[in-house]
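Participant: Numbering (UniProt numbering), first residue to last: 1 to 518.
Written out as structure tokens, the structure reads:
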């Protein structure tokens, strides 16, 4: 049976090696790989064409100018020239959870929720919108071992690892910013169980916090990261710090991600009682919705790494690498990165607040940001669907009532974000907390009962051992008495025999005396 052959006669130059229908098949397959988040590289595209050619009839395979049915670079180049809607780009690697989270529904619900929160709680000023996030820093973020360096051309490329780079300290800093560009008191978590200090040359004590921003709160923990207790302490200090602002505007909005330490029942209760509305950002979308992650931490880490690398230039084996040095470098990078321009541009780029519109900016999400467009024919169609869903959810869907699922760890599953200070969330967290407390009490009761049973078994074993010991002692005493009794009996028998012999001797002597007398 002959195949229908259609040549692309409208194009100038050499005709394609494959027929138009065959190229369309390859183009659709390459598009499908791109949609699934696994785009084909140049070599993978060659492999795809080779597998397709191998499926063709042998007569057609022999007619193709391919070596061993595999194409060359010229075919890929001409293929891309013929299909201008396809191009080779450098991969922007995105983790699968992040790629799946960037869907039209998730992002539409996020921005519609922010819009409803602003209307419900009368958020009309940039002063009322806050964002926080934390990031870890280590002294080991110096040049990677595989980074190229300058060596003598004919020498080996060996380098020594100094002691200075081995005892690396780690710290976490949690900045707090508002949409008007203000920087509020950050939290620095340093390694250790308690505060450290050292004696200066003038005899005065200094702590690592002396090298941090003057308004920073300092906590110590191993490992140096945020937990529920630290976040609760910060929430109380944040309430005190924003007292004047809340008296002026009544309500303020605080946005952060769904990290487990942030979703603390005690902290959320404190924030809600003081008119602080907490909005949880959608899970795995911090690269597009988290202000600090989007516009501050990138430059923060860059400045910190450059400071660390400059310090490493003059490092010797005797140089000290301690928490004081880390805090000093953190402060320097903090001043250069947590700036007014970065903060304001970050809020606008993430769509949380636009100074001119005084509302959300859902238009900042481009078609290329929608990486999960299942159910749509293209990214452009998914982006149009996202814009329609934003308008639809604003009008018809009540997103002030959160339906976040409480996980076994006691945190909220904020897949599409959540209003964390809503009654539903707090009740769910309280129910989960009560359930965990009941489970803990039941475990403690079972452990106590097990301890009691173990104590009873130990007491019984000790009593049994004592009884055995007493029985052994009684038996030993009885055996000694029996042995002593038998020895006394033998002694009595011997004495009786001796007396009898003595009596016989006396009788014999008296008999001999009487005979002599006669």
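Glycine included, C-beta positions come from ideal geometry on N, C-alpha and C.
Predicted model, so just to flag it, every value in this text is computed and none were measured.
1. Drop a sphere of 10 angstroms on the beta-carbon of residue 109, count the other beta-carbons inside from all chains shown, and report buried for 16 or more, exposed for fewer.
2. Could you tell me how far apart the beta carbons of residue 359 and residue 115 are, in whole angstroms, since I believe they sit closer than 8 Å?
3. Quick one: what does DSSP say residue 130 is sitting in, helix, strand or coil?
4. Within this structure, are the beta carbons of residue 419 and residue 253 separated by less than 8 Å?
5. Thinking C-beta only, is residue 371 closer than 8 Å to residue 94?
6. Which residue comes first and which comes last in the beta strand (DSSP E) that contains residue 174?
7. So, helix, strand or coil for residue 196, using DSSP?
8. Are the beta-carbon atoms of residue 323 and residue 190 separated by less than 8 Å?
9. Are residue 201 and residue 188 touching if we call contact CB-CB under 8 Å?
10. Would you mind sorting residue 415 into buried or exposed? The rule is 16 or more other CB atoms within 10 Å of its CB.
11. Any idea what DSSP makes of residue 418, helix, strand or coil?
12. Using only alpha-carbon positions, find the residue among 229, 484, 257 and 249 that is nearest to residue 265.
13. Determine the DSSP secondary structure at residue 340, reduced to helix, strand or coil.
14. Provide the residue(s) that pair with residue 100 in DSSP beta bridges, ordered along the chain.
15. Would residue 302 be called buried (16 or more neighbouring beta carbons within 10 Å of its own) or exposed?
16. According to the neighbour-count rule (16 or more other Cβ atoms, all chains shown, within 10 Å of its Cβ), is residue 481 buried or exposed?
17. Should residue 186 be flagged as near chain C, meaning a C-beta pair shorter than 8 Å?
18. With DSSP run on the structure shown, which of helix, strand or coil describes residue 202?
19. Rounded to whole angstroms, what's the CA-CA distance from residue 196 to residue 130? Just pull it up for me.
20. Are there three or more Cβ pairs, one per stretch, closer than 8 Å when the stretch 374 to 386 is compared with the stretch 329 to 338?
21. Residue range of the alpha helix (DSSP H) that residue 190 falls in?
22. Which ranges does the alpha helix (DSSP H) cover as unbroken runs of at least 4 residues, wholly within the UniProt domain "DDE-1" (219 to 347), from first to last along the chain?
23. With H, G and I counted as helix, E and B as strand and the rest as coil, what does DSSP make of residue 122?
24. Between the stretch 427 to 446 and the stretch 288 to 306, do at least 3 Cβ pairs fall closer than 8 Å?
25. In angstroms, rounded to a whole number, what distance separates the CA positions of residue 474 and residue 466?
26. Tell me whether the beta-carbon of residue 281 lies closer than 8 Å to the beta-carbon of residue 235.
27. Tell me the DSSP secondary structure of residue 350 in three-state form.
28. Contact check, residue 353 vs residue 179 under 8 Å by CB: the rounded distance?
29. Going by beta-carbon coordinates alone, are residue 119 and residue 88 separated by less than 8 Å?
30. According to DSSP, is residue 359 part of a helix, a strand, or is it coil?
31. For the alpha helix (DSSP H) that residue 483 lies in, which residues bound it at each end?
Facilitator: Looking at the atomic coordinates:
1. Per the 10 Å Cβ criterion, buried.
2. With 8 Å as the limit, residue 359 and residue 115 qualify as a contact, their Cβ atoms being about 7 Å apart.
3. DSSP places residue 130 within a strand segment (E or B) once states are collapsed to three.
4. No, the pair does not count as a contact, with Cβ atoms beyond the cut-off.
5. In contact: residue 94 and residue 371 (Cβ atoms closer than 8 Å).
6. Note, residue 174: beta strand (DSSP E), 170 to 178.
7. The answer is coil: DSSP assigns residue 196 none of H, G, I, E or B.
8. Closer than 8 Å, so yes.
9. Taking 8 Å as the cut-off, the beta carbon of residue 201 is found no closer than this to the beta carbon of residue 188.
10. Under this definition residue 415 is a buried residue.
11. Strand, per DSSP.
12. Ranked by how close their Cα comes to the Cα of residue 265, the residues 229, 484, 257 and 249 have 229 in first place.
13. The answer is helix: DSSP assigns residue 340 an H, G or I state.
14. In DSSP, residue 100 forms no bridge with anything.
15. Result: exposed.
16. Per the 10 Å Cβ criterion, exposed.
17. As a matter of chain content, chain C is missing from the structure shown, which is built from one protein chain.
18. Looking at residue 202 - three-state DSSP - the assignment turns out to be coil, as it is neither helix nor strand.
19. One Cα belongs to residue 196, the other to residue 130, and the distance between them is close to 32 Å.
20. Flag = no, the stretch 374 to 386 and the stretch 329 to 338 do not touch.
21. Per DSSP, residue 190 lies in no alpha helix (DSSP H); the unbroken beta strand (DSSP E) holding it starts and ends at 183 to 190.
22. With a minimum length of 4 residues, the continuous alpha helix (DSSP H) runs that stay inside the UniProt domain "DDE-1" (219 to 347) are 228 to 241, 243 to 249, 265 to 273, 286 to 289, 291 to 295, 297 to 313 and 323 to 337.
23. When secondary structure is reduced to three states using DSSP, residue 122 falls in the coil class, being assigned neither helix nor strand.
24. Segments in contact, no.
25. In this structure, the CA atom of residue 474 is about 12 Å from the CA atom of residue 466.
26. Contact annotation: residue 281 and residue 235 have beta-carbon atoms that are not nearer than 8 Å.
27. Three-state DSSP puts residue 350 in coil, outside helix and strand.
28. Right, their Cβ atoms sit about 4 Å apart.
29. Contact flag unset, no.
30. Residue state, collapsed to three classes: strand.
31. Per DSSP, residue 483 belongs to the alpha helix (DSSP H) from 423 to 517.
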